[in-house]
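First comes the structure, then the notes that go with it.
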Amino acid sequence: MTYGDVLVTQGLIKSYGGVRALDGAGIRLRGGEVHALVGENGAGKSTLVRILSGTRAADAGAVRTAPGTRIAVVSQELSLFPDLTVRENLFPHRPPRRHGLLDRAARPVLGELGLDVDLDTRLGELPLADQQLTEITRALLRDPGLLVLDEPTSALPAAAVDRLERVLHALTGRGIAVLYVTHFLAEVMRFARRVTVLRDGRVALSGVCREEIDVPELVAAMLGGRPEQPGRRTRTVVDLPPPVVLAQVSVPGRLADVTFTVRAGEVVGVAGLQGAGHLDALEVVCGRTAVSAGRVDVGGRGLPRLTNAGRPVPRAYPSAIETTAPSCTPRTYSGASSVSDSAARKGSSVVPGLPKTRSTPSPRRMSSRARAGRDPMGAPRGRGPVREDGFVRQLGCPVPRGARSAYR
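Take the numbering used here: the last position of the sequence shown gets the number 806, and nothing is skipped along the way.
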């Protein structure tokens, strides 16, 4: 079945200060098709999605939709409430006074997506893939004509990606247009009917996948030309003692025989799917998690091990006991620092007046009201204006007059 255009944009221009994020970009989305949107970081994809969702207004250009078309956006960062039930997340603006009505509305959509869950289950207990499908379900309950999926597979295992493919087929079969924003070009060829490439805020390429465009053409459009053959590596690192060494490290139920080194001046990437253990390895380096086997050296000092698997973190780790902000510890027992991807949930405290937040490193530095839970902002104690110390200046964080310091 052939569907008409659901959304057409023409000549979109959007600037942030002196930077032009979109420079005449246009896209045409048809019902019943998956349309991929790709491009390098900074190409304008996020700006285009924000304009389509209505959270940003274009400086110039036009956005036209078919009559009655609703647009739903599922962002890369899920906007769900892990401590609420699945039902409460599906209907956040409708109190569940009569569960039967809400259940009858949700069950057909859940079944279409292959999500068999108890609506009374706390959302945080579900796997990440099921949480993402829950957010897609919430979007579909609004009966959209256009569904925008922003990096939907960035943290999903392969089995969940296969499941998402079945979901996309079901959605397009209903005539819904899907704008699929991704960096994975293999998924573009696998899922999408059409693709648009953005580069520097302009449309560099647009057409039908596989028939008109292949992966090398996508890469060339994203980069502005064919990539040259890389040369041989000419630089090597010699005679630098590694400040961080993990040798055959194990943590019960979390890590098994992990080994790597980090040398001075290096940037080492540690990647993996959700729950793969890469975050656990960083906690070991920072001294928040003790190991049951192996060796951990940070700056030439070895970290202690658990004597019995499963015991709590010993007192040998003072930072793990004393810190209230495991998302950011300026100085831990190991001498390492870390900032997690969930600082807001794991203890960041907002200092009133500061445009950026920092985590309070110790409850002893917090006010008595904050320690007692009476101060929701977790304001640190101290008198007088903030000193614009080196750490704040490095963040580029202006300190307003009259604000209180997080470190006294």
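Here a beta-carbon is modelled for each residue, glycine too, at the ideal position from N, C-alpha and C.
- Residue state for Phe658 is assigned as strand, using DSSP reduced to three classes.
- By the C-beta criterion, the region 641–655 is judged not to be in contact with the region 607–622, since fewer than 3 inter-stretch pairs fall below 8 Å.
- Linking Ala691 to His676 through their CA atoms gives a straight-line distance of about 17 Å.
- The C-beta of Gly667 has fewer than 16 other C-beta atoms within 10 Å across all chains shown, which makes the residue exposed.
- Between Arg418 and Gly599 the beta-carbon gap is near 6 Å, inside 8 Å, which marks them as a contact.
- Note that the C-beta distance between Arg597 and Ala458 is not below 8 Å.
- Within the region 515–566, the complete beta strand (DSSP E) runs of at least 3 residues fall at 544–548.
- Here Val484 is not near Val579, since their CB atoms are 8 Å or more apart.
- When DSSP reads this structure, Arg600 sits in a beta bridge with Arg597.
- Residue range 443–451 is occupied by the alpha helix (DSSP H) that includes Ser451.
- A buried status is given to Val586, since no fewer than 16 other beta-carbon atoms sit within 10 Å of its beta-carbon.
- Within its own chain, the residues whose Cβ lies closer than 6 Å to the Cβ of Ala470, once the five positions on either side in sequence are excluded, are Ala537, Arg540, Pro542, Leu545, listed in chain order.
- Taking C-beta atoms under 8 Å as the contact rule, Leu478 and Thr519 fail to qualify, at a distance of about 13 Å.
- Around the beta-carbon of Glu523, fewer than 16 other beta-carbon atoms lie within 10 Å, marking it exposed.
- Between the alpha carbons of Leu603 and Arg492 lies a gap of roughly 43 Å.
- Taking a 10 Å sphere around the C-beta of Asp655, we find fewer than 16 other C-beta atoms and assign the residue as exposed.
- In the displayed model, Ala503 falls within a helix according to three-state DSSP.
- Residue pairing by DSSP leaves Gln474 without any beta bridge partner.
- In this structure Ala557 is not in contact with Thr535, their Cβ atoms being roughly 19 Å apart against a cut-off of 8 Å.
- Here Gly605 is exposed. Its C-beta has fewer than 16 other C-beta atoms within 10 Å.
- Less than 8 Å separates the beta-carbon of Glu431 from that of Ala575.
- Straight across, the Cα-Cα distance linking Leu621 with Val601 is about 13 Å.
- The alpha carbon of Val436 has as its nearest neighbour, out of His581, Leu562, Ala460, Leu547, the alpha carbon of His581.
- Between Leu554 and Ala584, the gap from beta carbon to beta carbon reaches 8 Å or more.
- It is roughly 21 Å from the alpha-carbon of Arg661 to the alpha-carbon of Ser648.
- The alpha carbon of Ala618 has as its nearest neighbour, out of Val595, Glu609, Asp481, Gln408, the alpha carbon of Val595.
- Following the DSSP letters along the chain, one finds Leu677 inside the alpha helix (DSSP H) bounded by residues 676–683.
- Looking from the CA of Asp421, the closest CA among Tyr401, Thr445, Leu405 belongs to Thr445.
- Taking each of Leu521, Asp678, Leu577 in turn and checking the Cα distance to Asp548, the smallest one comes out for Leu577.
- When DSSP states are grouped into helix, strand and coil, Leu583 belongs to the helix group.
- Residues of the same chain with a CB within less than 8 Å of the CB of Ala669, apart from the 5 flanking positions on each side, are His676 in chain order.
- Around the Cβ of Ala679, a 10 Å sphere holds 16 or more other Cβ atoms; the residue is buried.
- Distance check between Ala456 and each of Gly573, Gln408, Leu499, Val683 places Gln408 closest, using alpha-carbon atoms only.
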